[in-house]
Amino acid sequence: MFFDDESTKIPRFVTSSGVIVSALPFAKIDAIQAEYSAFETGHETNGLIDTAKQLGVAFVAFSPLGHGWLVDNFDYNSPDDFAKDDFRRTVPKFQGENFHKNKAIVEEIKKLAARKGCATSQIALAWVASQGMIAIPGTTKSKRLAENWASRNVDLTKEEMSEMRRIVDAAKPIGDRFSQVHGAFVGH
Numbered sequence: 191m192f193f194d195d196e197s198t199k200i201p202r203f204v205t206s207s208g209v210i211v212s213a214l215p216f217a218k219i220d221a222i223q224a225e226y227s228a229f230e231t232g233h234e235t236n237g238l239i240d241t242a243k244q245l246g247v248a249f250v251a252f253s254p255l256g257h258g259w260l261v262d263n264f265d266y267n268s269p270d271d272f273a274k275d276d277f278r279r280t281v282p283k284f285q286g287e288n289f290h291k292n293k294a295i296v297e298e299i300k301k302l303a304a305r306k307g308c309a310t311s312q313i314a315l316a317w318v319a320s321q322g323m324i325a326i327p328g329t330t331k332s333k334r335l336a337e338n339w340a341s342r343n344v345d346l347t348k349e350e351m352s353e354m355r356r357i358v359d360a361a362k363p364i365g366d367r368f369s370q371v372h373g374a375f376v377g378h
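Numbering (my numbering), first residue to last: 191 to 378.
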């Protein structure tokens with residue numbers, strides 16, 4: 191575990207519910223940030239989300255578009271299509287056969303977005319928000335910023351929420367979130 195200040199023992203990386211609880215004697219925690227998307231739901235089962243909710247701590251979801259998977263124009267047909275310096279070349283989810291199996295999941299989410307009449311990124315962000323999370327998608331393009339912002343106007347019906355949950359639960363992505371090297375930096 192990493193600490194911002196050794197004298198206060200406030201964790202810099204929150205990776206489990208135990209980290210939140212252990213930090214409470216040292217600081218009031220208003221929010222935590224952890225990866226969460228339709229493509230990465232591990233915190234639903236490791237207690238982090240439940241603990242945050244119980245303590246009234248906001249959950250800020252980083253990478254709510256699954257490191258770029260959950261967009262309409264994911265223009266990569268194989269892991270070899272990524273630029274040589276692209277972080278995703280090191281991520282097991284984006285390598286080998288995992289790449290192709292995971293891309294099939296994205297196609298199911300795209301179909302739901304098409305039926306809804308919105309962008310894949312918008313349905314993905316609306317779904318994260320409907321789970322009670324604050325999504326913080328990253329982008330370098332103003333067009334994507336506008337598209338992401340418009341997700342606030344996407345209201346999912348109960349049926350659409352159920353369909354999205356069915357897709358997410360039935361097709362768990364294959365491969366670890368990070369390589370061993372990158373995983374060490376997030377407290378794993």
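C-beta atoms are modelled at their ideal positions from N, C-alpha and C, and glycine is treated no differently.
Quick caveat, the model's predicted, so the values are computed rather than measured.
In the displayed model, F277 falls within a helix according to three-state DSSP. DSSP places E349 outside any beta strand (DSSP E); the residue lies instead in the alpha helix (DSSP H), whose first and last residues are 348–360. Rounded to the nearest whole angstrom, the C-alpha separation of H233 and Y226 is 7 Å. In the structure shown, the three-state DSSP call for S341 is helix. Straight-line spacing of the CA atoms in V247 and A221 works out to 5 Å.
When DSSP states are grouped into helix, strand and coil, Q244 belongs to the helix group.
Spanning the alpha carbons of D265 and R334 requires a straight line of approximately 15 Å. Looking at the DSSP output, A224 shares a beta bridge with A251.
If you ignore the 5 residues before and after L346, its C-beta comes within less than 6 Å of the C-beta of A316, S320, all in its own chain and listed in chain order. DSSP places A325 inside the beta strand (DSSP E), whose first and last residues are 324–326.
Between I313 and I295, the C-beta gap is not smaller than 8 Å, which leaves the two residues out of contact. It is roughly 14 Å from the alpha-carbon of V358 to the alpha-carbon of E349.
Setting aside the 5 residues that flank it on each side, T231 is surrounded in the same chain by V358, each with a C-beta closer than 7 Å to its C-beta; the list follows chain order.
In this structure, the beta-carbon distance from A217 to G256 does not fall below 8 Å.
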